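Input: a single structure, listed below in structure tokens.
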């Protein structure tokens, strides 16, 4: 394992990274702050401690505190965690405006990341000696891009979940004589086969509009590719483009009145946790649920059915969201949290660099609450087969793209898609949405 040793001189602090042996895993290395070519050697010397803040509590907090403890053991730098679970974004803004920002913080949304970076509240990682080019190989393609603002890397994706997973019960599939689908036509056929077996195919929590944005995003990426996806969820995006309506039409081949539990009206009144329960409770009423990797934790938790814990692969499992018309193999959407530096000193530089290493990712992954975005984290450290498979899906993906609706500046894509689900005429609504998006980008 690598050890981090930080040496101070009277003139400047130089960050030196050394491997503990010639046989150390080369894949676990991140940026070398002493040789990255950035300005990391110019940061002020820290006082031997950092403060990190986020909104995590419970098991998420415990898992992250294990990372902080490992960092302290590696470096001797004390790391204090502060949780703000109420009005986190407001509290963070207040601290920044008051001149007392935390050293490092989870940034609540990519729009907030952009605005904080552009107003000068965040420290570019290059100024801390962490060059994007040096750590790019530690991540699946596309992961680091979400932390880039105006061609400068400000935030590091530290934990995530795949949003390319369709959840089901293998036991009930076997009883019905059906199998997971590998392509869109197969998914349509699976839907029909489940109905033929006398069951309801899909559960949908459309009362929460973001569940529909997840559907749209994975399908748009699969159908139209990474370039089109990147454009749509940028200031250059055109929501009146034919690709948008084509994706909505394709969604509605599955999300129809006869395919979802409760029909359109019932699904529109169902929240996402309740929708998960319709598939995995002790009295299920549907067979399939599309959602992120977090579905497994919810389904096996107290809110749905804790008896499922330990039955991964038999009573609960997932299969990858399929290709569509031969397109989208190896493409994955995901959601996650980005961490950024608000203070420029050697201690913060050490911590941000540490976050990019497999050592940090492995400690975090062992807590069982996250998927590490770092490709060299051994998937065997994850506590369940479901999480292991999810990690492998993300880290082996041809390309990944961040949750598109979270990239948009303050417009409600979920509400637009709720209208589509209800069968409303989309042409005028898409024109109106395009106007809203354009205005939001201009005023961000």
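In this note's numbering, the protein residues as written are 800 to 1243. All C-beta atoms in this analysis are idealised placements derived from N, C-alpha and C, irrespective of residue type, glycine included. Since we're looking at a predicted model, the values are computed, not measured.
Quiz prompt | Rounded Cβ spacing between residue 1215 and residue 1228 (contact assumed at less than 8 Å) | solution = 6 Å
Quiz item: For residue 1200, does the count of other Cβ atoms within 10 angstroms reach 16, so buried, or fall short, so exposed?
Solution: buried
Quiz item: Among residues of its own chain, excluding the 5 on either side of residue 877, which ones have a beta-carbon nearer than 7 Å to its beta-carbon?
Solution: 847, 848 and 871
Practice problem: Under 7 Å Cβ to Cβ from residue 1020, same chain only, skipping five residues before and after it: list those, please. | Solution: 1028, 1127, 1130, 1132 and 1200
Quiz item: Are there three or more Cβ pairs, one per stretch, closer than 8 Å when the region 946–959 is compared with the region 914–933?
Solution: yes
Quiz item: Across which residues does DSSP place residue 843 in a beta bridge pair?
Solution: 1144
Exercise. Enumerate in chain order the residues of its own chain whose CB-to-CB distance from residue 1202 is below 6 Å, with the five nearest sequence positions on each side excluded.
Key: 1134
Self-check item: residue 1032 versus residue 917: straight-line alpha-carbon distance, rounded
Solution: 19 Å
Quiz item: Of the residues 994, 1212, 1138 and 991, which one's Cα is nearest the Cα of residue 904?
Solution: 1138
Quiz item: Out of 1061, 1024, 1017 and 1065, which has the shortest C-alpha to C-alpha gap to residue 1050?
Solution: 1017
Practice problem: Enumerate in chain order the residues of its own chain whose CB-to-CB distance from residue 981 is below 6 Å, with the five nearest sequence positions on each side excluded. | Solution: 1121
Quiz prompt | Secondary structure of residue 878, DSSP reduced to three states | solution = strand
Quiz item: How would you call residue 1275, buried or exposed, if buried means at least 16 neighbouring beta carbons within 10 angstroms?
Solution: There is no way to answer for residue 1275, as the model of the chain reaches only from 800 to 1243.
Quiz item: Relative to the C-alpha of residue 1042, which residue among 1212, 1015 and 865 is closest?
Solution: 1015
Quiz item: Taking the continuous beta strand (DSSP E) assigned at residue 894, which residues delimit it?
Solution: Here residue 894 belongs to no beta strand (DSSP E); instead the alpha helix (DSSP H) covers 887–896.
Practice problem: Evaluate the contact criterion for the region 880–893 versus the region 1174–1194: three or more CB pairs, one atom per stretch, below 8 Å. | Solution: no
Self-check item: Backbone CA spacing between residue 1059 and residue 1197 [nearest angstrom]
Solution: 31 Å
Quiz item: For the 8 Å Cβ check, are there 3 or more pairs between the region 959–972 and the region 1217–1228?
Solution: no
Practice problem: Determine the direct distance from the alpha carbon of residue 1068 to that of residue 1038, and round the result to whole angstroms. | Solution: 26 Å
Quiz item: Secondary structure at residue 1074, three-state DSSP: helix, strand or coil?
Solution: helix
Quiz item: Is residue 1002 closer than 7 Å to residue 1078 when the C-beta atoms are compared?
Solution: yes
Quiz item: With 16 other CB atoms within 10 Å as the buried threshold, where does residue 976 fall?
Solution: exposed
Quiz item: So who's on the other strand from residue 960, going by DSSP bridges?
Solution: 1134
Exercise. Using the Cα positions of residue 1217 and residue 869, report the straight-line distance between them to the nearest angstrom.
Key: 45 Å
Practice problem: Closer than 7 Å by C-beta to residue 825: which residues in its own chain qualify, once you throw out the five before and the five after it? Chain order, please. | Solution: Confidence at residue 825 is low in this model, with a pLDDT of 29, below 50, so the placement of that residue is unreliable and no value is reported for it.
Quiz item: Under a three-way DSSP split, which group does residue 995 fall into?
Solution: helix
Quiz prompt | CB contact flag (residue 1005, residue 939, <7 Å) | solution = no
Quiz prompt | CA-to-CA distance, residue 1185 to residue 1117, given in whole angstroms | solution = 8 Å
Quiz item: Between 1232, 1119, 1084 and 1106, which lies nearest to residue 1091 when the distance is taken from Cα to Cα?
Solution: 1119
Practice problem: Answer with yes or no whether the minimum CB distance from residue 1160 to chain B is below 7 Å. | Solution: Given the protein chain composition of this structure (a single chain), no chain B is represented.
Practice problem: Confirm, please, whether the CB-CB distance from residue 1085 to residue 970 is below 7 Å. | Solution: no
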